[in-house]
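*Asks:* Just remember that this note's numbering sits 1166 ahead of the position in the sequence shown, which is counted from 1.
Below you'll find the structure I mean.
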Amino acid sequence: MTDDRFLVCDDNDWEGMNADQRDWMVFKTLRSMDRRLHRLEIWNKCFSFAGGFVGGVAAVFGIKLLG
1167 MTDDRFLVCD DNDWEGMNAD QRDWMVFKTL RSMDRRLHRL EIWNKCFSFA
1217 GGFVGGVAAV FGIKLLG
């Protein structure tokens, strides 16, 4: 096994596995990808909200200064 964050196993490990072990590795890799994608989606929502808030505040101040 490797300590790489994005791969569950390397090529040498994969070649020495039987079909059942490979199925488990595929499952573990997909689960790992799903968890990372879920974290990215949470951060995306947080930054989208923060960007909308900052943009809204900037628009309000822009309208008050220019209007």
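The C-beta atom is built at its ideal place from N, Cα and C for all residues, glycine as well.
#1: DSSP on residue 1134, reduced to helix/strand/coil?
#2: In whole angstroms, what separates the C-alpha of residue 1194 from that of residue 1210?
#3: Using DSSP with H/G/I as helix, E/B as strand and the rest coil, what is residue 1178?
#4: Would the beta-carbon of residue 1191 fall within 7 Å of that of residue 1175?
*Replies:* The answer reads as follows:
#1: Summary: the structure shown does not reach residue 1134, with the chain confined to residues 1167 through 1233, and so no result is reported for it.
#2: Using only the alpha carbons, I get a separation of about 24 Å.
#3: DSSP places residue 1178 in helix when its eight states are reduced to three.
#4: yes
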